[in-house]
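In what follows, a structure is listed as structure tokens, so that the remarks can point back to it.
Chains as they are written, first to last, in the working numbering: chain A, 57 to 474; chain B, 2 to 482.
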């Protein structure tokens with residue numbers, strides 16, 4: 057099979073993994089070598105699905121012995137199969153990198169024979185890049201489900217990031233769609249990676265030259281919308297994973313139609329707005345001091361698709377508003393709908409010079425209609441009855457409710473963009 | 002009113018600003034005019050030969066102002082002077098007020114230049130030009146602002162081990178044998194070259210795109226159309242967008258029918274399932290078979306055996322395990338004192354898959370996709386029976402139950418916990434024994450098979466698994482020979 061055909065099959069097979077991050081590590085190029093890391097990754101291109109291309113994201117092979125219903129590479133799928141040779145992946149990565157197409161390689165694989173055999177080949181690719189080619193770009197290796205601890209330890213010596221996919225939010229979901237996988241086993245890999253990262257940080261303190269282990273940390277991915285699990289289930293799992301394994305990122309991937317999809321898993325338009333709301337919630341948990349129970353309490357287990365989760369929280373907790381922008385602490389400011397971390401910092405910096413007025417918010421390009429009901433400024437007090445109004449929430453909803461109908465002619469039904 | 006005419010370089014602005022500032026010329030009294038072209042070597046000089054000034058400017062501001070001076074816009078020079086003047090004569094902390102109009106504009110420009118620089122790092126596309134044994138990598142890029150020099154540290158580090166040239170319309174930068182030099186620019190047409198790797202890159206670009214989630218606005222925001230002309234992959238964008246709806250439509254149209262559609266939702270008995278089975282069209286096997294063969298046995302069976310698929314005789318009789326392999330299996334059950342009528346017998350695939358071989362119907366293994374298509378039936382049977390012990394006979398049955406290809410010989414002696422039963426075991430399919438040509442090996446297999454069947458009863462009497470200490474693995478291994 058020609059290289060071009062392999063690329064086409066094995067990139068197609070890799071695209072359902074949402075992660076493309078190349079951040080979390082800094083490295084200068086070796087003298088005469090190729091490749092460095094700036095700390096935050098660079099997106100070299102974008103495809104019309106709005107996703108960035110930062111890494112060469114491919115599978116070593118899409119032959120797989122697993123039969124996970126949601127996966128394009130499952131054994132029961134009739135898609136074309138291919139396998140790269142080790143050297144083909146090495147050369148392709150170097151050739152793309154030298155032309156500045158990519159930041160590095162994100163290598164994953166179907167499990168062709170055994171987990172360990174597959175993982176060993178992936179490690180060899182990383183080794184050849186680092187050692188034979190003095191490659192200083194990014195390498196993200198997928199921890200193949202069920203591979204041995206010894207191999208994980210080896211992989212982390214060449215990789216900037218390792219990841220094991222949790223796949224679905226609950227064990228019951230796995231039983232349904234991927235019976236050969238268990239959260240226990242996946243989390244065991246995460247734990248092994250995490251322990252090694254912590255150990256390695258200690259080694260670094262003692263010996264500056266101790267080899268780094270997965271310095272860019274680890275991440276994971278959850279598929280959204282393939283099962284009935286709620287947003288609360290999803291975010292509870294994510295929050296546990298952040299807490300237990302100190303993950304850098306949890307990716308949420310809207311379950312999307314695939315070629316030769318499993319007939320037992322009905323095809324549907326990918327729930328992209330839901331995916332977007334989950335990312336917003338993820339941000340609220342990590343940077344805004346919210347807890348899952350606040351954003352998704354037991355009686356509100358699903359996120360509102362029409363408004364962002366912070367606004368929706370604020371409407372449910374109106375008693376805490378309005379907030380005086382000239383007095384409130386950072387923690388309180390962060391909870392105001394329409395204010396992001398950067399603008400909160402700007403408000404705090406500006407307060408040293410002057411009182412905050414509505415015009416100042418406009419200068420910061422804050423969405424005034426959204427913020428106004430929740431704040432008090434030097435020149436503005438919201439009408440006292442506004443927050444108490446029963447119809448308050450309605451003022452934030454789009455006037456025409458657009459049903460995301462599958463075969464609608466509306467552009468929104470195709471693009472998922474409002 | 003003072004009119005300053007100067008080259009659009011930071012160094013000439015700096016010289017002019019310095020003398021204006023020393024003479025305390027108010028910013029409202031200065032008009033800045035830049036000529037069209039500037040020196041290519043616009044680096045901050047060490048101010049050698051200038052007389053020391055009494056005015057001190059924070060280094061950080063000079064650095065940021067130098068960066069902002071890359072901004073291609075007439076008003077930049079006066080903005081920089083205004084900020085400088087205000088800092089010196091009005092409020093030395095002016096930069097710390099983020100909402101001051103000049104500071105806002107200053108930061109906005111920093112952000113835009115920074116973004117342009119970032120996009121340059123992202124969008125420069127090298128083409129390899131081979132000469133004899135040496136390669137030189139060449140790129141042509143169109144930045145919005147005068148940022149080439151600011152990009153040098155990035156490119157010289159990242160592509161340290163390569164020889165390369167980056168051209169823009171008005172200047173160029175090259176790294177040859179570890180030496181950085183700047184030179185004049187060229188037009189895009191002068192920089193055309195062919196590099197075959199671009200074809201691979203375009204293949205990658207088209208294949209990594211997911212047609213089911215078009216987000217064109219988002220793409221254009223991050224990949225501005227004005228840069229498309231220098232990106233080889235951008236030629237594909239319009240075609241991909243146009244094709245996307247058809248591709249997705251094809252996914253929907255080619256999706257096979259699910260067995261679930263034929264399974265009565267509220268079925269409470271196995272006979273209801275059996276009645277519904279002939280309506281299933283999840284695969285093409287049954288349409289070529291006499292009729293699908295459903296499982297046999299009581300709903301309260303404690304042991305369930307799952308085979309592969311009915312054979313020729315089963316197909317004709319409409320009953321599982323009545324052919325040659327079935328007879329061998331029945332013999333083993335009898336020896337173990339297990340009654341056929343007490344256990345439930347079924348298959349991973351309900352129809353007989355065969356091909357014509359000299360007028361005979363010859364067995365063909367079901368494909369992974371057919372095993373998966375029939376799985377909802379097996380799952381439903383097991384859900385109703387909830388067996389204590391589940392026996393997968395052969396690889397196809399194991400694949401149906403485990404959702405993964407399992408190696409039958411390696412699973413020997415292991416008990417697995419699956420969602421269908423706490424005691425799931427894998428044994429070879431009896432047909433693997435009956436078809437074994439080597440008689441010694443056949444005898445050995447048969448003895449082992451019969452011993453395993455006999456041990457199933459011990460397994461039945463074992464305590465429920467949850468009372469046993471579980472080790473870390475969900476796949477519990479017990480001694481089972």
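Where a beta carbon is used, it is the ideal one built from N, C-alpha and C, also for glycine.
Everything numeric in this text was worked out from a predicted model, so none of it was measured.
With 16 other Cβ atoms within 10 Å as the buried cut-off, status of residue i
| i | result |
| --- | --- |
| residue 65 of chain B | buried |
| residue 398 of chain B | buried |
| residue 12 of chain B | buried |
| residue 18 of chain B | buried |
| residue 343 of chain A | exposed |
| residue 192 of chain A | buried |
| residue 49 of chain B | Because residue 49 of chain B carries a pLDDT of 48, less than 50, the predicted location of this residue cannot be relied on, and the following value inherits that uncertainty. Result: exposed. |
| residue 293 of chain B | buried |
| residue 1 of chain B | There is no way to answer for residue 1 of chain B, as the model of chain B reaches only from 2 to 482. |
| residue 81 of chain A | buried |
| residue 464 of chain A | In this prediction, residue 464 of chain A scores a pLDDT of 42, lower than 50, which makes its location untrustworthy; no coordinate-derived value is stated. |
| residue 365 of chain A | buried |
| residue 36 of chain B | exposed |
Bridge partner(s) assigned by DSSP for residue i
| i | result |
| --- | --- |
| residue 108 of chain A | A:102 |
| residue 128 of chain B | B:139 |
| residue 3 of chain B | B:31 |
| residue 304 of chain B | B:390 |
| residue 355 of chain B | B:364 |
| residue 380 of chain A | A:432 |
| residue 205 of chain B | DSSP, once it has assigned bridges, lists no residue as partnering residue 205 of chain B. |
| residue 183 of chain B | B:174 |
CB contact flag (residue i, residue j, <8 Å)
| i | j | result |
| --- | --- | --- |
| residue 78 of chain A | residue 111 of chain A | yes |
| residue 345 of chain A | residue 390 of chain A | yes |
| residue 201 of chain A | residue 167 of chain A | yes |
| residue 207 of chain A | residue 249 of chain A | no |
| residue 383 of chain B | residue 412 of chain B | no |
| residue 277 of chain B | residue 261 of chain B | no |
| residue 337 of chain B | residue 455 of chain B | yes |
| residue 229 of chain A | residue 283 of chain A | yes |
| residue 95 of chain B | residue 101 of chain B | yes |
| residue 526 of chain B | residue 104 of chain B | The question about residue 526 of chain B has no answer, for chain B in this structure spans 2 to 482. |
| residue 242 of chain B | residue 307 of chain B | no |
| residue 301 of chain A | residue 383 of chain A | no |
| residue 194 of chain A | residue 172 of chain A | no |
| residue 259 of chain B | residue 235 of chain A | no |
| residue 353 of chain B | residue 311 of chain B | yes |
| residue 101 of chain A | residue 224 of chain B | yes |
| residue 122 of chain A | residue 405 of chain B | yes |
| residue 269 of chain A | residue 363 of chain A | no |
| residue 460 of chain B | residue 379 of chain B | no |
| residue 407 of chain B | residue 427 of chain B | yes |
| residue 138 of chain B | residue 163 of chain B | yes |
| residue 305 of chain B | residue 347 of chain B | yes |
Closer than 9 Å at the beta carbon, the chain A residues around residue i
| i | result |
| --- | --- |
| residue 138 of chain B | 154, 155, 156 |
Within chain B, partners of residue i - CB distance below 9 Å
| i | result |
| --- | --- |
| residue 335 of chain A | In chain order: nothing, as chain B lies at least about 13 Å away. |
| residue 416 of chain A | 100 |
Beta-carbon neighbours of residue i, restricted to chain B and to distances below 7 Å
| i | result |
| --- | --- |
| residue 84 of chain A | 158 |
| residue 151 of chain A | 198 |
Closer than 8 Å at the beta carbon, the chain B residues around residue i
| i | result |
| --- | --- |
| residue 178 of chain A | Here the premise fails: no neighbours, minimum Cβ distance about 19 Å. |
| residue 283 of chain A | Within chain B, no residue comes near residue 283 of chain A; the closest Cβ sits about 14 Å away, beyond 8 Å. |
Proximal residues of chain A, C-beta to C-beta of residue i below 7 Å
| i | result |
| --- | --- |
| residue 261 of chain B | 320 |
| residue 256 of chain B | 317, 319, 323 |
| residue 372 of chain B | 132 |
Chain A contact residues for residue i, given Cβ-Cβ distances below 8 Å
| i | result |
| --- | --- |
| residue 252 of chain B | 313, 314, 315, 317, 323 |
Examine the Cβ distances between the stretch 115 to 135 of chain A and the stretch 152 to 162 of chain A and report whether three or more of them are shorter than 8 Å. no
The stretch 180 to 198 of chain B / the stretch 215 to 229 of chain B touching (three or more Cβ pairs under 8 Å): no
So does the stretch 228 to 239 of chain B actually touch the stretch 191 to 206 of chain B, counting three or more Cβ pairs closer than 8 Å? yes
Indicate whether the contact test is met: 3 or more Cβ pairs, each with one atom in the stretch 414 to 424 of chain A and one in the stretch 356 to 375 of chain A, closer than 8 Å. no
Would you say the stretch 62 to 73 of chain A touches the stretch 136 to 151 of chain A, given that touching needs at least three Cβ pairs under 8 Å? yes
Three CB pairs or more closer than 8 Å across the stretch 249 to 267 of chain A and the stretch 304 to 319 of chain A: no
Under 8 Å, with one C-beta from each stretch per pair, do the stretch 365 to 380 of chain A and the stretch 397 to 405 of chain A reach the 3-pair mark? no
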